[in-house]
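Enquirer:
Number of protein chains: 2
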Amino acid sequence: MSSRHPTPEQIRIQDVLTALGNAKRLAIVRVLDRGGEHTCGSLIGDVSKSTMTHHWRVLRDSGVIWQRPSGRENLLSLRREDLDRRYPGLLDSVLVGARTDEESEEEGERGK
Amino acid sequence: MSSRHPTPEQIRIQDVLTALGNAKRLAIVRVLDRGGEHTCGSLIGDVSKSTMTHHWRVLRDSGVIWQRPSGRENLLSLRREDLDRRYPGLLDSVLVGARTDEESEEEGERGK
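Residue numbers (this note's numbering), protein chains in the order written: chain D, 452 to 563; chain H, 452 to 563.
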């Protein structure tokens, strides 16, 4: 792995929270949480390549994801074991919270 | 309470994570977690008033704290019940995580 990835001991909660505190990055983490490695290309939505490159960097440098070069692409995966060991329950409560918000928004839409 | 406080249903996890993803704001939340209301003055550290005003706003607008005027001051308290109900386990895992980081840093200092 690249040296740009922090070791588990170098991970800091404010960096993890900042990384997760963005709708786009949180959406990416929710996809990665399904498991396995994903190409950057498969995760790119309707934003520019430079914006996505910024998001990968924030996620990687904070310790939230692994980023591994493979041919012309990078493969991304969630550092779930490292995060769960260092911050027990954090990732799960965030992922459940993201679903709670989604349900609130759907209810809001239906109420219109 | 001021209308600038979101209702529990208006709270969004990315705003809460962004609010907590800052060393100064996280330190404030750790103090507020001891309970009760605190004056802004008692929580101000070595940063300017305008910086602190920004931090109060981020914490309040995200739904993390209540801010209540009292005389010339504002009284601040943690919205723990609202946060715990909406995002079970989130605040606790963040606060435990902040202690984990602190211990890592102390060990790092001792190792020098």
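Glycine is no exception: its CB is placed at the ideal position from the N, C-alpha and C atoms.
As the structure is a computational prediction, the values presented were derived from the model and not from experiment.
Taking beta-carbon pairs under 9 Å, can you tell me which members of the segment 460-471 of chain D lie near chain H?
Expert: Here the close residues are E460, Q461, I462, R463, I464, Q465, D466, V467, L468, T469, A470 and L471.
Enquirer: Please name the residue in H:E532, H:D466, H:L477 and H:L483 whose C-alpha comes closest to that of G472 of chain D.
Expert: Comparing Cα-Cα distances from G472 of chain D to each of H:E532, H:D466, H:L477 and H:L483, the minimum goes to H:D466.
Enquirer: Rounded to whole angstroms, what's the CA-CA distance from S453 of chain H to I516 of chain H? Just pull it up for me.
Expert: Only weak support exists for where S453 of chain H lies, its pLDDT of 49 falling under 50; the value from the coordinates is given anyway. Looking at the two C-alpha atoms, the distance is approximately 12 Å.
Enquirer: When the cut-off is 8 Å and only beta carbons count, does S555 of chain H lie next to chain D?
Expert: S555 of chain H counts as touching chain D.
Enquirer: Counting only C-beta atoms, is P457 of chain D closer than 8 Å to chain H at any point?
Expert: No, P457 of chain D does not count as interfacial toward chain H.
Enquirer: Name the residue from D:D543, D:T504 and D:G492 whose alpha carbon lies nearest to the alpha carbon of E532 of chain D.
Expert: The candidate whose alpha carbon is nearest that of E532 of chain D is D:D543.
Enquirer: In whole angstroms, what separates the C-alpha of P539 of chain H from that of Q518 of chain H?
Expert: The straight-line gap from Cα to Cα measures roughly 23 Å.
Enquirer: Closer than 9 Å between beta carbons: that is the criterion. Which residues of the segment 484-509 of chain D meet it against chain H?
Expert: Those would be none; no residue qualifies.
Enquirer: Three Cβ pairs or more, each shorter than 8 Å: is that satisfied between the segment 456-470 of chain H and the segment 492-512 of chain D?
Expert: Short answer: they don't touch.
Enquirer: Mind reading off the beta-carbon distance from L510 of chain H to A470 of chain H? Whole number of angstroms is fine, and I expect it under 8 Å.
Expert: Right, the Cβ-Cβ distance comes to about 5 Å (below 8 Å), so this counts as a contact.
Enquirer: Can you pull the chain H neighbours of D552 of chain D, defined as C-beta to C-beta under 7 Å?
Expert: Chain H residues near D552 of chain D: R463 and I464.
Enquirer: Given this structure, state the Cα-to-Cα distance separating V545 of chain H from L541 of chain D, to the nearest angstrom.
Expert: In a straight line, the C-alpha of V545 of chain H is about 7 Å away from that of L541 of chain D.
Enquirer: Cα separation between E556 of chain H and R481 of chain H?
Expert: Using only the alpha carbons, I get a separation of about 17 Å.
Enquirer: The alpha helix (DSSP H) with E557 of chain H in it runs from where to where?
Expert: It spans L541 to G562 - the alpha helix (DSSP H) in which E557 of chain H sits, taken as one unbroken run.
Enquirer: Is DSSP giving P459 of chain H helix, strand or coil here?
Expert: Three-state DSSP puts P459 of chain H in a helix.
Enquirer: How many angstroms separate the CA atom of D552 of chain H from the CA atom of E554 of chain D?
Expert: Approximately 33 Å between the Cα atoms of the pair.
Enquirer: How would you list, in chain order, the residues of chain H whose beta-carbon sits under 9 Å from the beta-carbon of L477 of chain D?
Expert: Going along chain H in sequence order, the residues near L477 of chain D (Cβ under 9 Å) are I464, Q465 and L468.
Enquirer: Determine, for G540 of chain H, whether the minimum Cβ-Cβ distance to residues of chain D falls below 8 Å.
Expert: Cβ-Cβ to chain D under 8 Å: yes for G540 of chain H.
Enquirer: Can you find a C-beta in chain H that's less than 8 Å from the C-beta of N525 of chain D?
Expert: Cβ-Cβ to chain H under 8 Å: no for N525 of chain D.
Enquirer: What residues of chain A sit near S544 of chain H, judged by a beta carbon separation below 7 Å?
Expert: The displayed structure is made up of protein chains D and H, and chain A is not among them.
Enquirer: Classify S501 of chain D as buried or exposed, calling it buried when 16 or more other Cβ atoms lie within 10 Å of its own Cβ.
Expert: The residue is exposed, with fewer than 16 neighbouring Cβ atoms inside 10 Å.
Enquirer: So, are the CB atoms of I462 of chain H and G522 of chain H less than 8 Å apart?
Expert: No, they are not a contact pair.
Enquirer: According to the neighbour-count rule (16 or more other Cβ atoms, all chains shown, within 10 Å of its Cβ), is G415 of chain D buried or exposed?
Expert: With chain D covering 452 to 563 only, the question about residue 415 of chain D has no answer from this structure.
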